[in-house]
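Scroll down for the structure; my scribbles are underneath it.
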Amino acid sequence: MEKIITKVFPLLLLLSFQQPANSQRVKTSVEEDGLKGKVKQLRQHFYKAEVKSGVISTGAKAIGTGFPFDTFIPQNFMYEYDEKGNIIKSNSNDDTAQSKTTYEYDDKGNVLEVKNFGSNGSVGSSYTHQYNDQGMLTKTIAYNQGYLWITETLQYDSKGNITEDISNYADGSLKSKQLYKYDAKGNLIEENEYSPSDSNLFPKGTSCCNVHRYAYDDKGHKTEETDYDSNGDLAGVNKFDSKGNRIELHIYMKFDNKNSGSNSVYKYDDMGSIIEEQTDWTDGTFHSRNKYTYDYDKQGNWVKKIEFENDVPKYITVRDITYF
3 MEKIITKVFP LLLLLSFQQP ANSQRVKTSV EEDGLKGKVK QLRQHFYKAE VKSGVISTGA
63 KAIGTGFPFD TFIPQNFMYE YDEKGNIIKS NSNDDTAQSK TTYEYDDKGN VLEVKNFGSN
123 GSVGSSYTHQ YNDQGMLTKT IAYNQGYLWI TETLQYDSKG NITEDISNYA DGSLKSKQLY
183 KYDAKGNLIE ENEYSPSDSN LFPKGTSCCN VHRYAYDDKG HKTEETDYDS NGDLAGVNKF
243 DSKGNRIELH IYMKFDNKNS GSNSVYKYDD MGSIIEEQTD WTDGTFHSRN KYTYDYDKQG
303 NWVKKIEFEN DVPKYITVRD ITYF
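Position 112 of the sequence shown, counted from 1, bears residue number 114 in our numbering, the numbering being contiguous throughout.
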């Protein structure tokens, strides 16, 4: 889902082309989108589910979902890739408006410029990226309606790990700052976020936090992420399996000085797709349960997904995938 957000919403594109925080191989766009094989084009269609005579089928076309913080996420879109796996164009079409995003790369595969076009064909926002001699992203400059909007600058250590990420508005005022710490193996173990106001903090999962700490097993697999808010209070805990799938999420909140929150557990199929997520309140009462079923093509990419909310079929997503 995060990848859909970064492509469709220009306000979050600053985050979509950063190097990884440690020195791992940079994934292609196809891999980042969770696709397998030499994908040329992906078209996704989102529908409400209908049940007739016990058969689940596609109903009216749906527009999108609201997650997180009621942020609207279109689910009808098209991505095009080149033979190297780089995304070169994306369209969003929710039946009321259509936007287009184009991507330009250098001969090393680094994205140089991203342009977002509105439904009238004009450029709404654009992003230029600068790299050092080692091919690591050092600066992103964002423009809105042709005017300078945000400049993001990245600093690295001698091992190629990001140590500092600072974003400033056009007037020079601070938008956000992130600092990173690593262990002797190069694993990211702590991320600190600073912002003039909490409303400007980047969302991580379903909560906004200031400090994120990470734990790993002996093989370097991330096993846990612990989040703290600006007061130093525990805000959330994510747990992961050896494949990198999140298997637990615990959210801690306070309302009227009373502790509250939720506990979620996740299950996956053999293909790595989520098949169930159940959330309960911290007092043990039931909140919600979502289940998912999939049909896969020969490449191992899912082409149909049915989403159930509390055992009731709600949405069907259909993907048309073409290959080189």
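We put the CB at the ideal spot given by N, CA and C, even for glycine.
Determine, for residue i, whether the minimum Cβ-Cβ distance to residues of chain B falls below 7 Å.
i	result
Tyr216	Considering every chain present, this structure includes no chain B. It has just one protein chain.
Can you tell which of the options has its C-alpha closest to the C-alpha of residue i?
i	options	result
Asn240	Met255, Gly222 and Ala217	Ala217
Asp35	Ile152, Tyr83 and Asn146	Tyr83
Gly174	Lys187, Thr155 and Gly162	Thr155
Lys187	Glu195, Val116, Glu193 and Asp219	Asp219
Gln100	Gly286, Ile65 and Trp304	Ile65
Phe242	Leu236, Gly61, Glu226 and Gly234	Glu226
Leu176	Tyr298, Glu195, Arg291 and Ile191	Glu195
Val1	Glu85, Glu52, Ser55 and Lys54	The structure shown does not extend to residue 1, since the chain spans only 3 to 326, so no value can be given for it.
Met138	Asp167, Lys300 and Trp151	Asp167
Tyr296	Ser169, Tyr317, Asp159 and Met80	Tyr317
Asn233	Lys245, Met255 and Glu250	Met255
Gln77	Asp159, Asn134 and Lys307	Lys307
Lys1	Asn303, Leu190 and Thr287	Because the chain in this structure spans residues 3 to 326, residue 1 falls outside the shown range and cannot be described.
Ser290	Lys300, Val125, Glu309 and Asn303	Glu309
Thr287	Glu311, Ser262 and Asn303	Ser262
Tyr149	Lys110, Glu250 and Val125	Val125
Glu33	Glu311, Pro315 and Asn303	Asn303
Trp283	Leu251, Ser244 and Glu193	Leu251
Look at the alpha carbon of residue i and the alpha carbon of residue j, and state the distance between them as a whole number of angstroms.
i	j	result
Asp272	Gly222	22 Å
Leu181	Gln132	20 Å
Asn112	Asn163	17 Å
Ser121	Ala144	20 Å
Asp313	Ser94	30 Å
Tyr268	Tyr107	37 Å
Asp235	Thr281	22 Å
Asn146	Tyr105	17 Å
Glu52	Thr60	6 Å
Gly56	Lys293	18 Å
Phe79	Lys224	31 Å
Ser178	Gln136	25 Å
Ile90	Lys38	17 Å
Gln157	Asp185	17 Å
Tyr325	Val305	13 Å
Gly123	Tyr171	26 Å
Ile276	Tyr81	22 Å
Ser92	Ser127	14 Å
Ala62	Asp299	24 Å
Gln43	Asp285	46 Å
Pro315	Tyr270	19 Å
Asn212	Arg248	20 Å
Glu193	Ile58	44 Å
Lys183	Ser169	19 Å
Phe119	Asp109	24 Å
Trp151	Lys54	51 Å
Asp159	Lys117	30 Å
Thr165	Lys245	26 Å
Glu311	Gln301	28 Å
For the alpha helix (DSSP H) holding residue i, just list the boundary residues, first then last.
i	result
Ser244	Where Ser244 is concerned, there is no enclosing alpha helix (DSSP H), given that its DSSP letter is neither H nor E.
Ser124	Run containing Ser124: none; DSSP gives neither H nor E here.
Since residue i is in the beta strand (DSSP E), which residue starts that stretch and which ends it?
i	result
Ser31	Element bounds for Ser31: not the beta strand (DSSP E) but the alpha helix (DSSP H), Ser31 to Glu34.
Gly111	No beta strand (DSSP E) contains Gly111, which DSSP labels as neither H nor E.
Gly61	Val57 to Lys63
Ser92	Ile89 to Asn95
Met80	Phe79 to Tyr83
Gln180	Leu176 to Tyr184
Ala51	Val41 to Lys54
His289	Phe288 to Tyr298
Ser169	Ile164 to Tyr171
Thr284	That residue, Thr284, is in no beta strand (DSSP E); it is neither H nor E in DSSP.
Asp229	Lys224 to Tyr230
Gln157	Tyr149 to Tyr158
Phe310	Trp304 to Glu311
Ser101	Gln100 to Tyr107
Leu190	Leu190 to Tyr196
Asn139	Inspection of the sequence shows that residue 139 is occupied by Leu rather than by Asn. Leu139 to Asn146 is the extent of the beta strand (DSSP E) around Leu139.
Asp322	Val314 to Tyr325
Would you say residue i and residue j are within 7 Å of each other, going by their C-beta atoms?
i	j	result
Ser266	Glu279	yes
His214	Asp229	yes
Thr103	Glu115	no
Gly238	Ile253	yes
Thr30	Gly87	yes
Asn134	Thr140	yes
Notebook entry, point to check: Does the count of Cβ pairs from the stretch 40-57 and the stretch 319-326 closer than 8 Å reach three?
Noted result: yes
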